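Take a look at the structure below.
Residue numbers (the numbering used here), protein chains in the order written: chain A, 449 to 850; chain B, 449 to 850.
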């Protein structure tokens with residue numbers, strides 16, 4: 449009789465989006481006239497840039513011709529043309545990431561889960577709270593102890609390390625999902641020093657880096673000294689170029705990242721990661737890699753940049769409205785997320801109900817992202833401009849009249 | 449200091465293809481005039497069917513238009529249009545596999561590795577020897593004990609269960625890589641009865657099912673009674689439709705497959721698998737799923753069927769030659785692989801050298817797939833017809849003259 453991985457039974461059932469769907473369904477059934485505006489989901493809505501789609505179609509055409517057909521990728525790490533393009537992209541904002549340190553994947557979520565394979569069970573994992581649930585879930589599945597660093601109103605939802613706390617793996621996400629806060633270079637340096645001092649490894653989720661505009665906010669942890677010795681970075685084209693349905697990202701494991709094994713020998717983490725991927729992954733679809741490479745061309749960056757600018761203008765609209773009506777928030781500047789304090793001291797779910805019933809706007813209760821999310825709420829800027837503006841009008845009215 | 453997953457250090461370094469590449473490189477450097485024919489690699493060479501590429505391009509075009517753009521897939525299990533298409537494909541050869549039991553993936557290798565996540569460490573894993581190295585490697589990485597069932601000349605390289613051996617997970621691959629042998633329905637029934645009797649779970653790799661022509665060889669384990677209670681099946685479009693560079697496959701976990709947890713409660717394996725995938729996977733690229741669905745249309749099956757017929761004719765050519773020159777082999781009928789006994793009692797690597805030096809043909813030494821592979825050799829039928837014919841002429845000459 450096979451023994452199951454019973455760590456799965458320790459996973460908390462995440463009812464967040466299921467509960468939201470249920471509540472919205474019940475409300476629309478009772479109020480079919482309600483013109484609901486959805487600002488809850490973290491998915492993009494604008495189409496893929498034309499030059500990116502054209503590159504995918506060209507790649508697809510090559511697959512139909514014997515001379516240009518591509519089968520298995522030799523390494524499964526991604527084609528050189530794409531790894532070089534990613535390396536060049538890093539260079540454009542001051543991060544020195546050689547192509548050999550980059551492995552292409554089918555999205556950051558997968559590698560975020562897969563990376564746990566190369567570490568042993570008995571590691572203490574530090575996750576900031578609130579956080580993207582995948583960090584916790586994938587480590588609970590692996591039977592690891594998860595501890596939390598508080599992101600809260602006092603620290604601007606940017607948790608900082610506590611030298612009294614010992615841990616082995618640290619998950620950081622900046623700009624943060626769900627709070628929209630972003631670490632400065634100075635703050636990241638504190639984390640890097642803490643990690644190097646404690647021989648901990650940082651797993652850095654940079655999925656929202658393309659939304660950064662402020663000068664002192666790093667686009668990559670590798671722009672900060674000391675990171676190549678302690679940090680793995682994951683990024684994705686999902687938010688950069690609308691690839692949520694195209695599926696392509698990349699993981700960087702620097703060659704300098706070395707961990708001692710139980711015999712005291714140095715092991716290059718990149719070697720273990722390569723072995724893991726070599727046994728359990730066969731590379732990303734060639735036409736998808738062609739599309740991804742097109743994102744990093746000047747024309748690709750221009751076209752995808754327009755979409756990001758559109759979302760960022762939505763975020764500014766929300767932020768400006770909240771400034772005007774006196775709602776406290778983080779995010780909205782270097783991020784597509786606005787994370788705000790529920791008015792009138794309401795709880796997250798209480799405010800969810802009110803917002804749905806009175807303003808016909810759907811958002812995400814912060815409580816769904818961890819204990820420090822209670823009393824907070826997430827809106828996303830991925831929607832339509834006019835609908836976002838309409839939602840903000842309804843917010844004004846709600847705050848005024850309630 | 450993070451603890452590494454030290455099970456990785458128990459992995460045998462697989463030098464098979466590295467050694468082959470080294471030897472070929474050295475030989476061609478010394479003999480630049482040598483016209484090498486490569487029959488070693490398990491990759492397809494014919495281009496993707498036009499109607500499949502057209503479907504991908506149509507999917508890509510939809511991504512460029514706001515109204516038809518697709519972001520995250522809701523479930524990550526695959527779009528219904530593709531799951532239904534796979535279900536219909538199963539029905540076409542008599543397997544009842546409802547769409548709800550099917551999850552779409554980016555290739556069988558990934559899921560073959562990922563499925564280990566849902567089982568605990570203390571399972572005994574039975575693998576037939578010789579075998580595709582991924583079955584062993586992914587379980588060694590998870591710290592599991594691997595035992596072997598011998599596939600050898602005596603049983604036609606079709607290992608059968610031994611009721612004296614207890615195990616929890618069983619890996620079967622039919623038609624087999626590397627041996628090309630395929631289980632009959634009767635043989636599979638013996639494995640299924642053994643698994644059900646011992647409460648073991650079979651992980652069945654059907655990657656080569658599209659090469660089956662003989663009536664009594666099942667295209668799916670689910671055509672055999674009792675399989676839905678004990679078997680997970682993985683399949684891929686890599687060999688069916690030349691998707692080695694496109695990346696799409698599917699895994700079936702039947703709803704009837706139930707395993708008891710340590711508290712004696714029934715757990716549906718499909719639920720654990722869904723939870724694993726929900727946390728670590730975000731679905732397959734939409735245009736790739738469009739391409740995959742096109743494979744299962746009448747026109748797609750016709751066009752991809754032509755490619756398979758081409759490879760199968762190559763396999764027949766090799767088999768006929770071996771029949772004529774008296775080389776003993778398995779495969780070549782329901783499989784793109786021909787697995788033969790090295791002439792003159794030679795070892796696998798000894799014959800590799802001879803074949804390279806005297807006939808300028810590169811194949812794969814069977815010893816690379818497990819201990820029972822020693823003295824055997826694999827050729828693949830994925831090459832060009834004329835080159836395959838030329839290689840066979842060289843074989844005849846080698847056997848005659850050596």
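Think of the CB as a built atom: it goes at the ideal place given N, C-alpha and C, for glycine as much as any other residue.
Please read these numbers as outputs of a predicted model, since none were measured by experiment.
List the DSSP bridge partners of residue i.
{"i": "residue 728(B)", "result": "None; residue 728(B) has no bridge partner."}
{"i": "residue 679(B)", "result": "650(B)"}
{"i": "residue 436(B)", "result": "Because chain B is modelled from 449 through 850, residue 436(B) falls outside the range shown and cannot be assessed."}
{"i": "residue 706(A)", "result": "716(A)"}
{"i": "residue 452(B)", "result": "567(A)"}
{"i": "residue 684(A)", "result": "697(A)"}
{"i": "residue 836(A)", "result": "According to DSSP, which records beta bridges pairwise, residue 836(A) is partnered with nothing at all."}
{"i": "residue 813(B)", "result": "825(B)"}
Would a C-beta distance cut-off of 9 Å place residue i and residue j closer than the cut-off?
{"i": "residue 885(A)", "j": "residue 588(A)", "result": "Since the first and last residues shown for chain A are 449 and 850, residue 885(A) lies out of range."}
{"i": "residue 501(A)", "j": "residue 511(B)", "result": "yes"}
{"i": "residue 808(B)", "j": "residue 590(B)", "result": "no"}
{"i": "residue 659(B)", "j": "residue 782(B)", "result": "yes"}
{"i": "residue 745(A)", "j": "residue 543(A)", "result": "no"}
{"i": "residue 736(B)", "j": "residue 495(A)", "result": "no"}
{"i": "residue 545(A)", "j": "residue 702(A)", "result": "yes"}
{"i": "residue 692(B)", "j": "residue 519(A)", "result": "yes"}
{"i": "residue 640(B)", "j": "residue 674(B)", "result": "yes"}
{"i": "residue 638(A)", "j": "residue 677(A)", "result": "no"}
{"i": "residue 830(B)", "j": "residue 813(B)", "result": "no"}
{"i": "residue 804(A)", "j": "residue 471(A)", "result": "yes"}
{"i": "residue 847(B)", "j": "residue 773(B)", "result": "yes"}
{"i": "residue 582(B)", "j": "residue 557(B)", "result": "yes"}
{"i": "residue 818(B)", "j": "residue 480(B)", "result": "no"}
{"i": "residue 738(A)", "j": "residue 561(A)", "result": "no"}
{"i": "residue 770(B)", "j": "residue 777(B)", "result": "yes"}
{"i": "residue 823(B)", "j": "residue 793(B)", "result": "yes"}
{"i": "residue 617(A)", "j": "residue 651(A)", "result": "yes"}
Output needed for residue i: all residues of its chain with C-beta closer than 6 Å, excluding positions within five of it in sequence on either side, in chain order.
{"i": "residue 559(A)", "result": "553, 682 and 699"}
{"i": "residue 531(A)", "result": "547 and 550"}
{"i": "residue 615(B)", "result": "572, 574 and 648"}
{"i": "residue 721(B)", "result": "566 and 701"}
{"i": "residue 852(A)", "result": "Residue 852(A) falls outside the range modelled here, since chain A spans only 449 to 850, and no answer is possible."}
{"i": "residue 625(A)", "result": "580"}
{"i": "residue 516(B)", "result": "510"}
{"i": "residue 775(B)", "result": "788"}
{"i": "residue 709(A)", "result": "715"}
{"i": "residue 653(A)", "result": "621 and 682"}
{"i": "residue 485(B)", "result": "809, 835 and 839"}
{"i": "residue 464(A)", "result": "816"}
{"i": "residue 541(B)", "result": "667"}
CB-CB under 7 Å to residue i, same chain, minus the five flanking residues each way: which ones, in chain order?
{"i": "residue 524(B)", "result": "725, 726, 729, 730 and 731"}
{"i": "residue 430(A)", "result": "The question about residue 430(A) has no answer, for chain A in this structure spans 449 to 850."}
{"i": "residue 584(A)", "result": "575 and 594"}
{"i": "residue 606(B)", "result": "599, 629, 631 and 635"}
Tell me which residues share the same chain as residue i and place their Cβ nearer than 8 Å to its Cβ, disregarding the 5 neighbours each side in the sequence.
{"i": "residue 623(B)", "result": "629, 630, 656, 657, 659, 660, 665, 779, 782, 783 and 785"}
{"i": "residue 499(A)", "result": "742, 745, 747, 748 and 751"}
{"i": "residue 459(A)", "result": "585, 588 and 589"}
{"i": "residue 845(B)", "result": "807"}
Can you pull out the residues from the region 475-496 of chain B whose beta carbon lies closer than 9 Å to at least one beta carbon of chain A? 489, 490, 491, 492, 493, 494, 495 and 496
At 3 residues or longer, what runs of the beta strand (DSSP E) sit wholly inside the region 597-660 of chain B? Taking 3 residues as the shortest admissible run, the region 597-660 of chain B contains the following complete beta strand (DSSP E) segments, listed from N- to C-terminal end: 617-621 and 649-653.
Report the residues of the region 564-588 of chain A with a CB closer than 7 Å to any CB of chain B, ordered along the chain. 565, 566, 567, 568, 570, 571, 582, 585 and 586
What are the start and end residues of each continuous alpha helix (DSSP H) run of 4 or more residues lying completely inside the region 550-601 of chain B, in chain order? 556-562 and 581-589
Got a sec: which bits of the region 782-794 of chain B sit with their beta carbon under 9 Å from any beta carbon on chain A, in order along the chain? Here the close residues number zero.
Could you pull out every unbroken alpha helix (DSSP H) segment of at least 4 residues lying fully inside the region 485-537 of chain B, listed in chain order? 498-511
Ignoring anything shorter than 4 residues, give me the alpha helix (DSSP H) runs that lie fully in the region 740-802 of chain A, in order along the chain. 746-773
Residues, ordered as in the chain, of the region 510-522 of chain A that lie near chain B by beta-carbon distance below 9 Å: Within the region 510-522 of chain A, the residues whose Cβ lies closer than 9 Å to some Cβ of chain B are 510, 511, 512, 513, 514, 515, 516, 517, 518, 519, 520 and 521, listed in chain order.
Please name the residues in the region 645-679 of chain B whose beta-carbon is closer than 9 Å to at least one beta-carbon of chain A, in chain order. 646, 647, 648 and 649
Listed from N- to C-terminal order along the chain, which residues in the region 721-733 of chain A have their beta-carbon within a distance smaller than 8 Å of any beta-carbon of chain B? 723, 724, 727, 728, 729, 730, 731, 732 and 733
Going along the chain, which residues of the region 741-756 of chain B sit with their C-beta nearer than 7 Å to a C-beta in chain A? none
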